[in-house]
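Enquirer:
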Amino acid sequence: MRTTRRETLWQLSAAAQAAAVRAGEVTAVELVDSHLERIAEVNPRVNAVTQLFADRAREDAAATDRARAAGEALGPLAGVPFTVKETTPVEGVPTTFGSPRFRDHVAAADAPPVARLRAAGAVPIGHANMPTLVLAGMHTRSELYGDTLNPWDAGRTPGGSSGGDAVAVATGMAPLGLGNDSGGSVRVPAQFCGVAALKPTPGRFPADRRVFGPDDPGPASQLLVTDGPLARTVADLRLAYEALAGPDPRDPWTVPVPVYGEPLAGPLKVAVVADPGGHGVHPSIATAVAVAAGALADAGYDVREVADVPRLDETLAAYTGITLAEFAPSWPAVRGLLGPGGDRYIGMVMADAVPATGAEVMRLMGAWLGIRRSWAEFLDAYPLLLGPVFTEPPVEPGLESRDRAGRDRVASAMRLCTATSFAGLPAVAVPTGTADGLPTGVQLVGRPFREDLCLAAAAEVEARVVARMGLLTPVTPVVPGAPAGP
19 MRTTRRETLW QLSAAAQAAA VRAGEVTAVE LVDSHLERIA EVNPRVNAVT QLFADRARED
79 AAATDRARAA GEALGPLAGV PFTVKETTPV EGVPTTFGSP RFRDHVAAAD APPVARLRAA
139 GAVPIGHANM PTLVLAGMHT RSELYGDTLN PWDAGRTPGG SSGGDAVAVA TGMAPLGLGN
199 DSGGSVRVPA QFCGVAALKP TPGRFPADRR VFGPDDPGPA SQLLVTDGPL ARTVADLRLA
259 YEALAGPDPR DPWTVPVPVY GEPLAGPLKV AVVADPGGHG VHPSIATAVA VAAGALADAG
319 YDVREVADVP RLDETLAAYT GITLAEFAPS WPAVRGLLGP GGDRYIGMVM ADAVPATGAE
379 VMRLMGAWLG IRRSWAEFLD AYPLLLGPVF TEPPVEPGLE SRDRAGRDRV ASAMRLCTAT
439 SFAGLPAVAV PTGTADGLPT GVQLVGRPFR EDLCLAAAAE VEARVVARMG LLTPVTPVVP
499 GAPAGP
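Start counting the sequence shown at 19; every next residue gets the next number (this note's numbering).
1) Of the choices Ser419, Val324, Val493, whose alpha-carbon is the least far from that of Leu397?
2) Spatial neighbours of Val273 within its chain, please: C-beta separation below 7 angstroms, excluding the five flanking residues on both sides.
3) Could you tell me which whole beta strand (DSSP E) segments of length 3 or greater appear in the segment 184-247?
4) If you count every other CB in all the chains shown that lies within 10 Å of the CB of His145, and 16 or more means buried, which is it?
5) Output the distance between the C-alpha atoms of Gln35 and Glu418, rounded to the nearest integer angstrom.
6) Taking buried to mean at least 16 other C-beta atoms within 10 Å of its own C-beta, is Leu153 buried or exposed?
7) Please report the Cβ distance between Asn147 and Asn198, rounded to the nearest whole angstrom; I am assuming they are in contact, meaning their Cβ atoms lie under 8 angstroms.
8) Do you know how far the Cα of Leu462 is from the Cα of Ala308?
9) Mind checking Met432: buried by the 16 CB within 10 Å criterion, or exposed?
10) By how many angstroms is the C-alpha of Pro358 removed from the C-alpha of Ser203?
11) On the three-state DSSP scale, how would you describe Thr22?
12) Terminal residues of the continuous beta strand (DSSP E) containing Glu344?
13) Going by Cα to Cα distance, which pick from Ala33, Arg227, Val206 is closest to Leu242?
14) Do Leu95 and Ala133 have their C-beta atoms closer together than 8 angstroms?
15) Going by beta-carbon coordinates alone, are Val413 and Thr175 separated by less than 8 angstroms?
16) Tell me which residue opens and which closes the beta strand (DSSP E) that Val483 is part of.
17) Excluding sequence positions up to five away, which residues of its chain have a Cβ less than 6 angstroms from the Cβ of Tyr337?
18) In this structure, what does DSSP give as the bridge partners for His145?
19) Would you decide whether Pro232 is buried or exposed? Buried here means 16 or more other CB atoms lie within 10 Å of its CB.
20) According to DSSP, is Pro274 helix, strand or coil?
21) Just how far apart, CA to CA, sit Phe223 and Pro301?
22) Mind reading off the beta-carbon distance from Arg205 to Pro492? Whole number of angstroms is fine, and I expect it under 8 angstroms.
23) Identify whether Pro457 lies in helix, strand or coil by the three-state DSSP scheme.
24) Quick check: does the Cβ of Ala146 come within less than 7 angstroms of any heavy atom belonging to the ligand COA?
25) Rounded to the nearest angstrom, how far is the Cβ of Pro270 from that of Gly246, given a contact under 8 angstroms?
26) Work out the CA separation of Ala88 and Val352 for me, nearest whole Å.
27) What span of residues does the alpha helix (DSSP H) with Glu395 cover, start to end?
28) Identify which residue in Ala192, Arg121, Leu334, Asp361 has its Cα closest to the Cα of Arg390.
29) Can Arg322 and Val288 be called in contact, C-beta distance under 8 angstroms?
30) Arg1 by DSSP, collapsed to three states: which one?
31) Among the residues of its own chain, which have a CB less than 6 angstroms from the CB of Ala81, if the five just before and after it don't count?
32) Does the segment 374-381 come close enough to the segment 274-286 to have 3 or more Cβ pairs within less than 8 angstroms?
33) Per DSSP, what are the beta-bridge partners of Arg63 in this structure?
34) Check this for me: beta carbons of Val141 and Gly195, under 8 angstroms apart or not?
35) At the level of alpha carbons, what is the spacing between Val407 and Val367?
36) With a 10 Å radius around its C-beta and 16 neighbouring C-beta atoms as the bar for buried, classify Gly296 as buried or exposed.
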């Protein structure tokens with residue numbers, strides 16, 4: 019393997035990998051092979067990559083090498099491997115959603131975000147695990163593929179629902195992962211695995227959510243679910259962000275907003291809330307928020323602790339009401355696809371759900387607009403919010419499905435993720451260090467379509483964490499050597 023770098027190729031950032039391919043220091047095939055070797059070494063221990071695209075990835079890499087030999091310009095992610103969550107179609111391979119029912123559900127075309135990353139030169143290397151149908155809980159366990167293990171501690175969940183991608187990125191099986199997030203599904207696994215993640219504004223990245231047929235989903239699925247990248251560095255998140263952003267006719271919600279907005283007069287105000295809603299926060303998470311606040315103050319931001327975020331409890335209730343109103347009619351059919359015990363997480367909510375009337379749905383839609391207005395006013399005063407991703411350290415696998423107390427505890431811990439998703443806001447999760455051998459992190463939330471401000475602030479936090487202790491990942495899993503399959 020030709021490289022002048024001391025590190026092996028899979029250890030490099032996505033930016034460094036692409037630069038090496040463009041400069042001819044390594045071939046794209048060598049880069050893919052390095053990651054395939056890492057997957058062969060690590061994946062049996064953590065069970066994150068579900069479907070490996072080895073031959074296809076080598077073919078794509080060889081095409082990149084031929085393009086370079088012909089003098090063609092290569093993209094910003096030339097040759098960089100990435101994983102894709104099992105929800106997201108990759109042409110020619112099944113999109114299983116982790117369910118045996120869809121093991122033969124072969125995608126006719128790439129989903130728009132996969133196509134965008136390919137256009138930038140990146141190479142899909144495999145699908146990654148998730149909770150069955152994204153409904154079986156926060157822990158990454160699917161009926162089809164089994165449990166994914168947290169590489170830091172097998173007794174803690176890697177989070178979800180994009181946990182497979184977070185583990186793949188954290189362990190060096192790929193420098194980028196493509197997940198999605200409707201209430202924390204890229205941010206929570208990022209915190210639990212020690213990597214960074216971006217949840218964009220709805221409408222920033224194109225998507226086609228007609229995954230089960232020709233019909234589009236309802237408004238909650240249209241407006242809450244956003245595709246988002248995971249990476250080991252904020253700079254790599256930025257590369258993925260630039261590649262993914264922009265309108266697409268397949269998604270009428272996308273809008274032609276500039277990738278980088280107008281500079282704001284400084285110093286930029288940052289609101290800090292360590293315990294949203296006053297429902298409690300673990301000391302290690304409060305410390306993580308304080309570390310990030312100190313880093314931003316050191317970087318010249320105007321950092322101010324504020325009493326709370328807008329209308330938190332009302333927001334959580336409205337989120338639940340809207341999503342249940344849309345989902346309840348399909349629950350009897352979906353329940354049977356979740357496998358033994360896979361229905362417990364949603365079932366505990368559905369047991370208390372009252373069918374929504376048309377009038378109630380209209381009331382909830384009005385409340386949704388009012389909540390978004392309250393957040394817009396808050397962010398007009400404070401362009402950035404710093405707060406926790408999950409108000410506890412990584413919890414044990416399946417806590418949210420064990421009983422109502424466990425489910426309520428997990429729902430409370432991710433409350434800021436849920437609220438900011440409902441408000442339609444972008445957010446970047448960034449590591450802040452470790453506590454008791456587990457990674458810690460925070461999120462930076464911004465105004466709609468100001469992902470650039472979130473990324474810039476996250477980069478300042480990261481720079482000071484790296485200066486103090488280095489990058490947390492890639493890590494070699496601290497888990498048993500046996501496969502973690504079903």
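Beta carbons: idealized from backbone N, C-alpha and C, even for Gly.
Expert: Per the coordinate set shown:
1) Cα-wise, what sits closest to Leu397 is Val324.
2) Once the five neighbours on either side are set aside, the close Cβ partners of Val273 are Gly221, Pro265.
3) Runs of the beta strand (DSSP E) inside the segment 184-247: 194-199, 214-217.
4) A residue is called buried once 16 or more other Cβ atoms fall within 10 Å of its Cβ, and His145 is buried on that count.
5) Gln35 and Glu418 have their C-alpha atoms some 38 angstroms from each other.
6) It counts as buried.
7) In this structure Asn147 is not in contact with Asn198, their Cβ atoms being roughly 14 angstroms apart against a cut-off of 8 angstroms.
8) Looking at the two C-alpha atoms, the distance is approximately 13 angstroms.
9) Counting Cβ neighbours within 10 Å, Met432 comes out buried, since at least 16 surround it.
10) Between Ser203 and Pro358, the C-alpha separation is close to 23 angstroms.
11) Since pLDDT at Thr22 reaches only 42, below the 50 mark, its modelled position is unreliable, and the value read off the structure follows with that caveat. In the three-state DSSP reduction, Thr22 falls in the coil class, being neither helix nor strand.
12) First-last for Glu344: 330-345, but that is the alpha helix (DSSP H), not the beta strand (DSSP E).
13) Looking at the Cα atoms, Arg227 is the closest of the given residues.
14) With a cutoff of 8 angstroms on beta-carbon distance, Leu95 and Ala133 are scored as not near each other.
15) Yes, they are a contact pair.
16) Note, Val483: premise wrong, no beta strand (DSSP E); alpha helix (DSSP H) at 469-487.
17) Thr436, Phe440, listed in sequence order.
18) In the DSSP output, where bridge partners are listed per residue, His145 has Gln69, Val102.
19) Classification for Pro232: exposed.
20) Annotated three-state conformation of Pro274 is coil, per DSSP.
21) The straight-line gap from Cα to Cα measures roughly 35 angstroms.
22) Actually they do not touch by this definition, with Cβ atoms about 20 angstroms apart.
23) Pro457 falls in the strand class under three-state DSSP.
24) The ligand COA is absent from the structure shown, which contains no ligands of any kind.
25) About 20 angstroms separates the CB atoms of Pro270 and Gly246; that is not less than 8 angstroms, and the two are not in contact.
26) If you take the alpha carbons of Val352 and Ala88, they lie about 51 angstroms apart.
27) Where Glu395 is concerned, the enclosing alpha helix (DSSP H) starts and stops at 376-399.
28) When each option's Cα is compared against that of Arg390, the closest is Leu334.
29) For Arg322 and Val288, yes; Cβs fall inside 8 angstroms.
30) In the structure displayed, the chain extends from 19 to 504; residue 1 sits before or after that span and is not available.
31) Take Ala81, set aside five residues on each side of it, and no residue of its chain has a beta-carbon closer than 6 angstroms to its own.
32) By the C-beta criterion, the segment 374-381 is judged not to be in contact with the segment 274-286, since fewer than 3 inter-stretch pairs fall below 8 angstroms.
33) Arg63 is not bridged to any residue.
34) Contact: no.
35) The straight-line gap from Cα to Cα measures roughly 22 angstroms.
36) Gly296 counts as exposed, since fewer than 16 other C-beta atoms from the protein chains shown sit within 10 angstroms of its C-beta.
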